[in-house]
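Report on the structure given below.
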Amino acid sequence: MHELGVISKIVESCELIARQNGASRIGYIKLEIGEASGVVSKYLKTLWTMGTNGTVLDGADLVIEDIRAIVKCNDCGEEFSLMDSADANHDKPCCPKCQSRLFTLTNEDCKKCIIAEVGAVD
Amino acid sequence: MMDEVKIIKLKESVLEDNNQDAQLLRDTLRSQGTCLLNLMSSPGSGKTTTLLALNKAFAGRLRWGVMEADIDSAVDANTMLEAGVPTVQLHTGGMCHLDADMTRQGIRALGLENAELIVLENIGNLVCPAEFDTGAAINMTILSVPEGDDKPAKYPLMYETCDMLVVNKIDTLPIFNFDKKRMEQCARARNPEIEIFYISAKTGEGVQELADALVRKVKEWNAK
Amino acid sequence: MSEVKVIQVNESIFAENDRTADLLRKRMTEQGTLFLNFMSSPGSGKTTTLVALINRLKDRLNIGEMDVDIESSLDAQRVADRTGIRSLQIHNSGLCHIDADMTARALLEYDTKGLDLLFLENIGNLVCPAEFDTGAHKNVTILSVPEGDDKPLKYPLMYQVSDVVLINKIDALDYFDFDLKKAKQRILALNPNAIFFPISAKTGEGLDAVCAWILDELNTIKSAIL
Chain A
17 MHELGVISKI VESCELIARQ NGASRIGYIK LEIGEASGVV SKYLKTLWTM GTNGTVLDGA
77 DLVIEDIRAI VKCNDCGEEF SLMDSADANH DKPCCPKCQS RLFTLTNEDC KKCIIAEVGA
137 VD
Chain B
105 MMDEVKIIKL KESVLEDNNQ DAQLLRDTLR SQGTCLLNLM SSPGSGKTTT LLALNKAFAG
165 RLRWGVMEAD IDSAVDANTM LEAGVPTVQL HTGGMCHLDA DMTRQGIRAL GLENAELIVL
225 ENIGNLVCPA EFDTGAAINM TILSVPEGDD KPAKYPLMYE TCDMLVVNKI DTLPIFNFDK
285 KRMEQCARAR NPEIEIFYIS AKTGEGVQEL ADALVRKVKE WNAK
Chain C
30 MSEVKVIQVN ESIFAENDRT ADLLRKRMTE QGTLFLNFMS SPGSGKTTTL VALINRLKDR
90 LNIGEMDVDI ESSLDAQRVA DRTGIRSLQI HNSGLCHIDA DMTARALLEY DTKGLDLLFL
150 ENIGNLVCPA EFDTGAHKNV TILSVPEGDD KPLKYPLMYQ VSDVVLINKI DALDYFDFDL
210 KKAKQRILAL NPNAIFFPIS AKTGEGLDAV CAWILDELNT IKSAIL
């Protein structure tokens with residue numbers, strides 16, 4: 017359950033941001049969670065309220081944007097969603113156009129988990 | 105960093121939600137006459153090889169299927185299918201465990217009507233899976249001889265949670281220092297009721313006894 | 030009426046942990062201590078390997094060891110008993126990993142001044158520990174022969190963050206279908222800079238080369254502070 021550890025890291029970062037900006041608390045936070053980052057949005061949301069209770073993020077609105085893993089077929093150039101293809105093909109994604117199993121990731125962002133922006137409150 | 109008490113409280117609340125969900129799933133499966141077995145272990149213990157060996161030993165006595173959640177499956181869903189076992193690969197996206205909700209989705213995806221046994225091959229990890237009730241009727245863990253006899257002492261929750269402990273790769277006992285007695289003492293200290301089986305999925309030794317025990321348990325469970 | 034100021038952050042959630050880890054690493058370098066993080070799945074032989082390495086090096090180096098486990102103190106005790114060095118057991122509340130902050134807190138209880146070498150035996154898990162920088166100079170991952178040569182395919186992140194891979198239990202190669210060449214190829218595909226040492230912690234085979242690497246790394250650290 018490392019989403020717990022992830023929330024504690026977010027809290028730490030926000031404490032620093034609040035201090036740097038003379039804010040008393042963070043009222044809103046937007047996270048970008050990559051599909052290939054290993055962090056699960058669902059658990060983050062479930063644990064969020066209790067995980068931020070009593071911290072600088074207490075009561076903050078949480079907005080999560082999921083960053084999809086988009087790949088490009090090495091053979092025909094078709095771009096498609098890695099996870100959608102995995103779901104449709106027994107976890108063995110392939111090009112929906114030519115069924116090739118060779119593809120390249122187009123966006124490294126989907127491996128990351130980012131604090132995009134926060135709303136600091138005086 | 106969160107303090108220890110808070111971490112424990114947080115986990116309790118998440119687990120509580122999941123526990124209720126798991127109980128619902130268990131009741132639904134019982135009314136359908138399907139026994140769900142949650143198979144856990146560390147990576148490389150031989151979960152899939154064991155399943156293939158069990159399939160042969162079941163000899164058609166059970167209508168069963170497999171949900172592959174372990175990304176670390178040396179034998180993929182296709183190979184299980186080739187062996188004639190209905191199988192579905194769950195898409196886990198790097199998670200370190202499965203819960204009741206994901207299990208439910210997997211069962212739906214498997215779509216096996218009148219299944220007597222569904223085996224959930226959980227993610228290769230001794231820490232996280234033990235904490236999450238998947239709604240299974242039977243929890244089984246595989247410990248392989250090369251890993252050592254101290255795993256029950258080091259990962260107590262896993263062994264507390266399991267009904268059955270299968271010790272695999274016994275064909276390698278001559279080359280590893282595996283103290284059976286000590287391992288059993290550790291496991292039983294945490295869980296006096298745990299049933300222990302010794303097998304080699306590779307040579308087939310002990311597999312028939314395990315298969316027979318499972319068939320018996322499944323039929324008993326479904327008859328209730 | 031409170032004013033809300035929107036701040037663009039655009040920073041990885043691991044950024045704070047990374048900062049703590051960097052500070053820890055810097056501190057270790059400044060005091061001349063090589064800090065190594067050992068990871069693997071359960072039963073690969075972390076403790077046995079550490080005991081073997083410590084016994085080979087303890088006459089030349091001051092060595093410390095910290096072990097992370099959920100509950101038991103078996104490993105730290107085992108290391109202390111078999112090597113005579115001081116070891117610290119960290120219980121991490123059942124979390125599946127340890128991060129830089131937890132490491133730093135453990136170091137408050139474990140004086141590392143004067144140590145040449147500090148080992149961290151991470152929790153037996155191939156999934157979560159890879160995500161959190163512990164502040165170590167190098168990550169050493171143990172892959173044991175009985176586990177299979179396909180682990181790099183299934184746990185890519187672990188091998189991406191590993192500087193060194195010890196392939197352990199090579200004394201058992203005849204009993205298992207483990208293709209050493211394939212395993213290396215798979216790891217190099219993820220991490221072209223990874224260094225390999227095939228070893229048997231049990232028989233001692235290959236350990237001299239690992240010790241040589243450790244001494245080399247330590248030399249690099251010590252030269253940096255001169």
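Protein chains in written order, with our numbering: chain A, 17 to 138; chain B, 105 to 328; chain C, 30 to 255. Think of the CB as a built atom: it goes at the ideal place given N, C-alpha and C, for glycine as much as any other residue.
**Prompt:** How long is the line joining the alpha carbons of Ala178 (chain B) and Gly310 (chain B), rounded to whole angstroms?
**Reply:** The predicted model places Ala178 (chain B) with a pLDDT of 40, which falls under 50 and marks its position as unreliable; any figure quoted below should be read in that light. Ala178 (chain B) and Gly310 (chain B): Cα-Cα distance of roughly 22 Å.
**Item:** CB-CB length for Pro158 (chain C) against Met68 (chain C), believed under 8 Å
**Value:** In this structure, Pro158 (chain C) and Met68 (chain C) form a Cβ contact; the two beta carbons are roughly 5 Å apart against a cut-off of 8 Å.
**Request:** Tell me whether Thr170 (chain C) sits in a helix, a strand or coil according to DSSP, three-state version.
**Result:** DSSP, read as helix, strand or coil, puts Thr170 (chain C) in strand.
**Asked** Using DSSP with H/G/I as helix, E/B as strand and the rest coil, what is Lys125 (chain C)?
**Response** According to the sequence as given, residue 125 (chain C) is Cys; it is not Lys. In this structure, Cys125 (chain C) counts as coil in the three-state DSSP scheme.
**Item:** Within the segment 56-115 of chain A, ranges of the alpha helix (DSSP H) (whole runs, at least 4 residues)
**Value:** The qualifying runs are 57-68 and 98-104.
**Request:** Report the option in B:Gln124, B:Thr276, B:Leu269 and B:Met171 whose CA atom is closest to the CA atom of Arg292 (chain B).
**Result:** Measuring from the Cα of Arg292 (chain B), the nearest candidate turns out to be B:Leu269.
**Prompt:** Can we count Gln36 (chain A) as close to the ligand SAM, meaning its CB is less than 8 Å from some heavy atom?
**Reply:** The ligand content of the structure shown is nil, which means the ligand SAM is not present either.
**Prompt:** Once you ignore the five residues that flank Pro112 (chain A) on each side, which residues in its own chain have a CB closer than 6 Å to its CB?
**Reply:** The answer, listed in chain order, is Phe96.
**Message:** Can you check whether the C-beta of Gly308 (chain B) is within less than 9 Å of a C-beta belonging to chain C?
**Reply:** False, the Cβ-Cβ gap to chain C never drops below 9 Å.
**Request:** Going by CA-CA distance only, name the one from A:Cys89, A:Ile83 and A:Thr65 that's closest to Asn123 (chain A).
**Result:** It is A:Ile83.
**Request:** Check the Cβ-Cβ distances between Asn154 (chain C) and every residue of chain B, and say whether any is below 9 Å.
**Result:** Yes, contact with chain B.
**Prompt:** With DSSP run on the structure shown, which of helix, strand or coil describes Pro260 (chain B)?
**Reply:** Of the three classes helix, strand and coil, the one that applies to Pro260 (chain B) here is helix, per DSSP.
**Request:** Can you tell me which of the three DSSP states Ala51 (chain A) falls into?
**Result:** At residue 51 (chain A) the sequence reads Glu, which differs from the Ala that was named. Reduced to three states, the DSSP call for Glu51 (chain A) is coil.
**Prompt:** Is the Cβ-Cβ distance between Asn42 (chain C) and Ile130 (chain A) less than 9 Å?
**Reply:** In the sequence on display, residue 42 (chain C) carries Ile and not Asn. Taking 9 Å as the Cβ cut-off, Ile42 (chain C) and Ile130 (chain A) qualify as a contacting pair.
**Item:** C-beta neighbour in chain B for Tyr204 (chain C), strict 9 Å
**Value:** Output row for Tyr204 (chain C): interface = yes.
**Under 8 Å from the C-beta of Ser29 (chain A): neighbouring residues of chain C** = Those within 8 Å of Ser29 (chain A) in chain C are Val38, Glu40, Ile42, Ala44 and Glu45.
**Request:** Flag Lys25 (chain A) as yes if its beta-carbon sits less than 9 Å from any beta-carbon of chain C, otherwise no.
**Result:** Yes, contact with chain C.
**Asked** If we cut at 9 Å on Cβ distances, does Ile86 (chain A) have a partner in chain C?
**Response** Taking Cβ atoms only, chain C never reaches closer than 9 Å to Ile86 (chain A), which makes this a no.
**Item:** Given 8 Å, three or more beta-carbon pairs between the segment 155-170 of chain B and the segment 244-254 of chain B
**Value:** Judged by Cβ distances under 8 Å, the segment 155-170 of chain B makes no contact with the segment 244-254 of chain B, as fewer than three pairs qualify.
**Status (buried if at least 16 other CB within 10 Å, exposed otherwise) for Leu140 (chain B)** = That one is buried.
**Ordered list of alpha helix (DSSP H) runs contained in the segment 283-321 of chain B, each at least 4 residues** = You should have 284-294.
**Prompt:** So, is Gln214 (chain C) buried or exposed, given that buried needs 16 or more other C-beta atoms within 10 angstroms?
**Reply:** With fewer than 16 Cβ atoms within 10 Å of its Cβ, Gln214 (chain C) is classed as exposed.
**Enclosing alpha helix (DSSP H) for Phe225 (chain C) [first to last residue]** = From DSSP, Phe225 (chain C) is part of no alpha helix (DSSP H) but of the beta strand (DSSP E) over Ile224 to Pro227.
**Cutoff 9 Å: Asp51 (chain C) Cβ touching any chain B Cβ** = No, Asp51 (chain C) does not count as interfacial toward chain B.
**Prompt:** Mind checking if Tyr59 (chain A) is an interface residue toward chain C, Cβ cutoff 9 Å exclusive?
**Reply:** Chain C contact via Cβ: absent.
**Request:** Starting from Cys240 (chain C), follow the beta strand (DSSP E) in both directions and report where the run begins and ends.
**Result:** Not the beta strand (DSSP E): Cys240 (chain C) falls in the alpha helix (DSSP H), residues Leu236 to Ala253.
**Request:** Find the residues of chain B that neighbour Gly61 (chain C), judging by a C-beta separation of less than 9 Å, and give them in chain order.
**Result:** Going along chain B, no residue has its Cβ under 9 Å from Gly61 (chain C), so there is no contact; the nearest lies around 27 Å.
**Prompt:** Mind pulling the chain A residues with CB within less than 7 Å of Phe207 (chain C)?
**Reply:** At a C-beta separation below 7 Å, Phe207 (chain C) has no neighbours in chain A, since its nearest C-beta there lies roughly 24 Å away.
**Request:** My understanding is that Asn66 (chain C) touches Asn168 (chain C), with C-beta atoms under 8 Å, so please give their C-beta distance in whole angstroms.
**Result:** About 5 Å separates the two Cβ atoms, so the contact holds.
**Asked** Can you tell me whether DSSP reads Tyr188 (chain C) as helix, strand or coil?
**Response** In the structure shown, Tyr188 (chain C) adopts helical secondary structure according to DSSP, grouped into three states.
**Item:** Pairwise C-alpha distance: Ala181 (chain B) and Glu51 (chain A)
**Value:** Taking the straight line from one Cα to the other gives about 22 Å.
**Message:** By alpha-carbon positions, which one of B:Leu156, B:Leu318, B:Leu277 and B:Leu194 ends up nearest to Glu186 (chain B)?
**Reply:** Ranked by Cα distance from Glu186 (chain B), the first of B:Leu156, B:Leu318, B:Leu277 and B:Leu194 is B:Leu156.
**Asked** Using a C-beta cutoff of 9 Å, does Ile216 (chain C) count as contacting chain B?
**Response** So no, Ile216 (chain C) is outside the interface.
**Item:** Sequence-distant residues of its chain with Cβ nearer than 6 Å to Asp176 (chain B) (five each side left out)
**Value:** Residue placement at Asp176 (chain B) cannot be trusted, given a pLDDT of 49 that sits under 50; what the coordinates show is reported in the next sentence. The answer, listed in chain order, is Pro147 and Gly228.
**Asked** Applying a beta-carbon distance threshold of less than 7 Å, which residues of chain A neighbour Lys210 (chain C)?
**Response** Going along chain A, no residue has its Cβ under 7 Å from Lys210 (chain C), so there is no contact; the nearest lies around 23 Å.
**Prompt:** Touch check for the segment 33-52 of chain C and the segment 127-143 of chain C: three-plus C-beta pairs under 8 Å?
**Reply:** Contact holds between the segment 33-52 of chain C and the segment 127-143 of chain C, because three or more Cβ pairs, one in each stretch, are under 8 Å apart.
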